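Here's the structure, in structure tokens; my notes come after.
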Amino acid sequence: MVGRIPVIDVHPLIHGGELPAKATRGEPLPVRATVFREGHGGLGAEVVLTGPDGERRAPVRMREIAPGTDRYEAWATPDAEGAWTFEVQAWADPLATWRHAASAKIAAGVDVDLMFLEGRLLLERVERASATRLADHERETLRAALDAATDESRPAAARMAVLASDEVGALFRAHPLRDLLTVEGPHPLFADRERALFGSWYEFFPRSEGAEVDKRTGKVRSGTFTTAAKRLPAVADMGFDVLYLPPIHPIGDIGRKGANNTLTPGPDDPGSPWAIGSRHGGHDAIHPDLGTFADFDAFVRTARRLGIEIALDLALQASPDHPWVAEHPELFATRADGTIAHAENPPKKYQDIYPVDFDHDPEGVFAEVLRIVRLWMGHGVRIFRVDNPHTKPVAFWERLLGEVRRSDPDVLFLSEAFTRPAMMRTLGAVGFHQSYTYFTWRTGKREIEEYLREVSSETDHLLRPNFFVNTPDILHAFLQYGGPAAFRIRATLAALGSPSWGVYAGFELYEHVAVKPGSEEYLDSEKYQLRVRDWDAAERDGRTLAPYIARLNALRRAHRALQLLRNLVVHATDDDHVLCFSKSSGDDTVIVVLNLDPHGARETMVRLDLEAAGLPESFVVHDELTGADWTWGRDDYVRLDPAHEVAHILSVRTPRGEPAARAGRPSPIGAS
1 MVGRIPVIDV HPLIHGGELP AKATRGEPLP VRATVFREGH GGLGAEVVLT GPDGERRAPV
61 RMREIAPGTD RYEAWATPDA EGAWTFEVQA WADPLATWRH AASAKIAAGV DVDLMFLEGR
121 LLLERVERAS ATRLADHERE TLRAALDAAT DESRPAAARM AVLASDEVGA LFRAHPLRDL
181 LTVEGPHPLF ADRERALFGS WYEFFPRSEG AEVDKRTGKV RSGTFTTAAK RLPAVADMGF
241 DVLYLPPIHP IGDIGRKGAN NTLTPGPDDP GSPWAIGSRH GGHDAIHPDL GTFADFDAFV
301 RTARRLGIEI ALDLALQASP DHPWVAEHPE LFATRADGTI AHAENPPKKY QDIYPVDFDH
361 DPEGVFAEVL RIVRLWMGHG VRIFRVDNPH TKPVAFWERL LGEVRRSDPD VLFLSEAFTR
421 PAMMRTLGAV GFHQSYTYFT WRTGKREIEE YLREVSSETD HLLRPNFFVN TPDILHAFLQ
481 YGGPAAFRIR ATLAALGSPS WGVYAGFELY EHVAVKPGSE EYLDSEKYQL RVRDWDAAER
541 DGRTLAPYIA RLNALRRAHR ALQLLRNLVV HATDDDHVLC FSKSSGDDTV IVVLNLDPHG
601 ARETMVRLDL EAAGLPESFV VHDELTGADW TWGRDDYVRL DPAHEVAHIL SVRTPRGEPA
661 ARAGRPSPIG AS
């Protein structure tokens, strides 16, 4: 039903407001609506947030995005975690209506006395309504305005000049008269903890960390949680604050895969960690080679002391010898001949995995999965990376994530769903806090620009992106053939283009060889075998990207602008291989200029959209990588040679060397 002042096309809404839009404590959130009224009268609109405590926050005035569009926007910031609502309040603005009419009529000598009388009456309404809320300077402005409205001895033009002044306009905006008040809402938001938005992820296989070759037998001996813990300081030194572990459970024997996904494994092949379950247990057990629950708990404590959260894989599938197969056959679908079908994603086949049937005994599946999730939560896991959630019912995830949120709202879930947009967005809508994305396959300038705009301002209320540069089974051709510069390019783009990004171990060693041409699978994939890496030798020889990664993560922590999603502006360049974007928050602005060509130097003019970025006509930039300073403006020359540097990462300064003042941009995390 349309209100007296129509308010339509409200954003952000998910499924018409049935599901809460994504927010984060301290993250500015854009609220938009189309607001208009009949005739030519003025109007106003505000956004009002109500917090989990039931208290309304101070209203935030909406501004028309572009004159004549009737599309209004305000940035509001939840200041606490939990369930929020927002309202759009619109009203007829008699002050704006009067100022518009009076300026025209008094200048034309029409209804002069009547205009001043109406103005005086409105000012008296403001005085009565806002008497206890007026600041001293506002009280002085109001008194001067009343004098101008009533002093008939002064020329009409002089009186109107006072009433049309910026000071009176600011008074009217700060203390509006709300006639015909219309309220649209409340609509739901949920503000998660900051890690849902901002974090640097690192992935390693615990069985490879500390793995070593037995000199007597030549066999590779598995690492353990104790040996893997020795790798944690290096992960922390690179600036990562989330460590994701692939499944750590017992691995099945039936259908086990060998090296490079062969169907004929040797007796010492460890199998894929995603083939979960054996005689040693299932999802509620730890692979005996890795250690015990006490070892895992010690590993989690060590990580926590280093400022790292542990994320654990949640893969709802089973090997043929998982205890579920014998004890709960109702969890699996059988074919016409009574056998259980193994998992498939044509042309891929997973002979070592049975998919779970979510429809035969939905209550049983839900109870068992919730039990498993809570078990690991009890061992310090507060983040889960969910394997292939798009192959399970969305309704299941909505129920499971909702149940966990009700009791433990700090627990986060990352969706590993490289699939159709509708499924990815719906998984985010029903509760997944983050999502893997198409980032890996966006390598050209135009498609990167479009994708940055999409994730930062089109789908931001539905899903939060996590830009992983690689995964154990995704090695893009750009990395295979681009050399070390390609690794720096992708790390820079991921780390600075998204508040959450991720790296799979070996990326910093420039691992780039695929199993065969045209494949995105690594040769000797760690999914199927232990990987022994000599981290110390790589550091001694300088064959590591770790220092550069550490620098990127340090910049992310130092700059509030890089910790936000919705503040990205893409800028034009004259070269099809040079990308430019900026991120701003309060007085903090970072401009990134990136050469996307790993093979050759590029030079171009960068055309900054100063208005969109809130920048002055001239300002000083400081290159965070080289330490150089330049004076920049609307058009700036750049040359980037990937043999030396792939990017300029520029923090904005004023001519005095201080951060540049901002205008109209979101506030930083932690600000209200």
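Taking full-length UniProt numbering, I'd label the letters of the sequence shown as residues 1 to 672.
Backbone N, C-alpha and C define an ideal beta-carbon position, used for all residues, glycine too.
If you're wondering where the values come from, they're calculated on a predicted model, not measured in any experiment.
Ordered along the chain, which non-local residues of its own chain (more than five positions away) have a Cβ less than 7 Å from that of L171? Indexing the sequence shown from 1 puts residue 171 at position 171. The residues are E138, T141, L142.
So what does G82 bridge to, in DSSP terms? Mapped onto the sequence shown, residue 82 falls at position 82. The partner list for G82 (beta bridge, DSSP) reads A191.
Along the alpha helix (DSSP H) that carries A491, what are the first and last residues, could you check? What you label residue 491 is simply residue 491 of the sequence shown in a count that begins at 1. First-last of the alpha helix (DSSP H) with A491: 483–497.
Rounded straight-line distance, which links the Cα of P265 to that of N595: Within the sequence shown, residue 595 is the residue found at index 595, counting from 1. Within the sequence shown, residue 265 is the residue found at index 265, counting from 1. So the two alpha carbons sit approximately 44 Å from each other.
Which of helix, strand or coil does DSSP assign to L19? Position 19 of the sequence shown, counted from the start, is the residue given in the question as residue 19. Assigned with DSSP and collapsed to three states, L19 falls in strand.
Contacts around L316, its chain only, beta-carbon distance under 7 Å, and the 5 residues preceding and following it disregarded: In the sequence shown, residue 316 corresponds to position 316, counting from 1. If we look at L316 and ignore the five residues flanking it on each side, its Cβ neighbours are V356, V369, K392.
Quick one, are the C-beta atoms of T182 and G444 less than 7 Å apart? Start at 1 with the first residue of the sequence shown, and residue 182 comes out as number 182. Start at 1 with the first residue of the sequence shown, and residue 444 comes out as number 444. The answer is no: Cβ separation not under 7 Å.
Entirely enclosed alpha helix (DSSP H) segments - the region 190–248, minimum 4 residues: Uninterrupted alpha helix (DSSP H) stretches at least 4 residues long and entirely within the region 190–248 occur at 225–229, 232–237, given in chain order.
Rounded to whole angstroms, what is the Cα-Cα separation between S667 and G586? Here residue 667 is taken as the residue at index 667 of the sequence shown, counted from 1. Here residue 586 is taken as the residue at index 586 of the sequence shown, counted from 1. Residue placement at S667 is poorly supported in this model, since its pLDDT is 39, which falls under 50; the coordinates still yield a value, given next. In a straight line, the C-alpha of S667 is about 5 Å away from that of G586.
To the nearest angstrom, how far is the alpha carbon of A33 from that of I14? Walking along the sequence shown from the start, residue 33 turns up at place 33. Walking along the sequence shown from the start, residue 14 turns up at place 14. Straight across, the Cα-Cα distance linking A33 with I14 is about 14 Å.
Measuring only the C-alpha atoms, how far is A537 from I340? Within the sequence shown, numbered from 1, the residue matching residue 537 stands at position 537. Within the sequence shown, numbered from 1, the residue matching residue 340 stands at position 340. Near 47 Å, if we compare the C-alpha coordinates of I340 and A537.
Give me the residue from S407, R425, P409, G364 with the minimum Cα distance to V394. On the sequence shown, position 394 is the one that residue 394 refers to. Considering only S407, R425, P409, G364, the residue with the shortest C-alpha distance to V394 is R425.
Decide if the region 251–265 is in contact with the region 163–177; the criterion is three or more beta carbon pairs, one per stretch, under 8 Å apart. Taking a contact to require three or more Cβ pairs closer than 8 Å, the region 251–265 and the region 163–177 do not qualify as touching.
C-alpha gap between P655 and A546, whole angstroms: Position 655 of the sequence shown, counting from 1, holds the residue named residue 655. Position 546 of the sequence shown, counting from 1, holds the residue named residue 546. Note that P655 scores 49 on pLDDT, short of 50, meaning its location in the model is unreliable and no value can be drawn from it.
Range covered by the beta strand (DSSP E) that runs through M605: Position 605 of the sequence shown, counted from the first residue, corresponds to residue 605. Its beta strand (DSSP E) spans residues 602–607.
Going straight from the alpha carbon of M160 to that of E645, what length do you get? Your numbering for residue 160 matches position 160 in the sequence shown. Your numbering for residue 645 matches position 645 in the sequence shown. Roughly 59 Å separates the two Cα atoms.
If you draw a straight line from the alpha carbon of residue 744 to that of K105, how long is it in whole angstroms? What is shown of the chain runs 1 to 672, which leaves residue 744 out entirely.
Go ahead and pull the three-state DSSP assignment for D576. Residue mapping note: residue 576 aligns to position 576 of the sequence shown, counting from 1. Shown here, D576 sits in coil according to DSSP, grouped into three states, outside any helix or strand.
I'd like to know whether the C-beta atoms of L180 and W98 end up nearer to each other than 7 Å. Counting from 1 along the sequence shown, the entry for residue 180 is found at position 180. Counting from 1 along the sequence shown, the entry for residue 98 is found at position 98. At least 7 Å separates the beta-carbon of L180 from that of W98.
For I308, three-class secondary structure by DSSP: Taking the first residue of the sequence shown as 1, we reach residue 308 at position 308. Per DSSP, reduced to three states, the secondary structure at I308 is coil, with no helix or strand assignment.
Given a cut-off of 7 Å on the beta-carbon distance, is the pair L640 and V621 in contact? The residue you call residue 640 lines up with position 640 of the sequence shown. The residue you call residue 621 lines up with position 621 of the sequence shown. No.
Take every Cβ of the region 465–473, pair it with every Cβ of the region 434–449, and state whether three or more of those distances are shorter than 8 Å. Contact holds: three or more Cβ-Cβ distances are below 8 Å.
From N553 to V386, what does the alpha carbon distance come to, in whole angstroms? The residue given as residue 553 occupies position 553 in the sequence shown. The residue given as residue 386 occupies position 386 in the sequence shown. N553 and V386: Cα-Cα distance of roughly 25 Å.
Identify whether W98 lies in helix, strand or coil by the three-state DSSP scheme. Here residue 98 is taken as the residue at index 98 of the sequence shown, counted from 1. Secondary structure of W98 (DSSP, three-state): helix.
Buried versus exposed, by CB contacts within 10 Å (16 or more), R531: Counted from its first residue, the sequence shown places residue 531 at position 531. Buried: at least 16 other Cβ atoms inside 10 Å.
If you drop the 5 nearest sequence neighbours on each side, which residues of the same chain put their C-beta closer than 8 Å to that of A660? As a first step, residue 660 is located in the sequence shown; it is residue number 660 there, counting from the start. Because the pLDDT at A660 is just 47, under 50, the model does not fix this residue reliably, and the point stays unresolved.
Roughly how many angstroms separate the alpha carbons of R304 and F205, rounded to a whole number? If you number the sequence shown from 1, residue 304 lands on position 304. If you number the sequence shown from 1, residue 205 lands on position 205. Roughly 18 Å between the two C-alpha positions.
Contacts around G42, its chain only, beta-carbon distance under 6 Å, and the 5 residues preceding and following it disregarded: The residue given as residue 42 occupies position 42 in the sequence shown. Counting only residues of its own chain and dropping the five nearest sequence neighbours on each side, G42 has a CB closer than 6 Å to the CB of D93, A96, T97.
Check Y522 in the structure and name its three-state DSSP category. Within the sequence shown, numbered from 1, the residue matching residue 522 stands at position 522. If DSSP states are grouped into helix, strand and coil, Y522 belongs with the strands.
In this structure, how does DSSP classify V60 when only helix, strand and coil are distinguished? For the purposes of this step, residue 60 is taken as the residue at position 60 of the sequence shown. Secondary structure of V60 (DSSP, three-state): strand.
Kindly provide the ranges of any alpha helix (DSSP H) runs that are 4 or more residues long and lie completely inside the region 301–377, ordered along the chain. List check, alpha helix (DSSP H) in window: 323–327, 362–377.
What whole-angstrom Cβ distance do V31 and V88 have, given they're in contact under 8 Å? Taking the first residue of the sequence shown as 1, we reach residue 31 at position 31. Taking the first residue of the sequence shown as 1, we reach residue 88 at position 88. About 7 Å separates the Cβ atoms of V31 and V88, confirming a contact at the 8 Å cut-off.
Only counting the same chain, and skipping five residues up and downstream in sequence, which positions put a Cβ closer than 7 Å to that of E194? For the purposes of this step, residue 194 is taken as the residue at position 194 of the sequence shown. Non-local beta-carbon contacts of E194 in its own chain, meaning distances under 7 Å to residues more than five positions away in sequence, involve T24, R25, G26, I669 in chain order.
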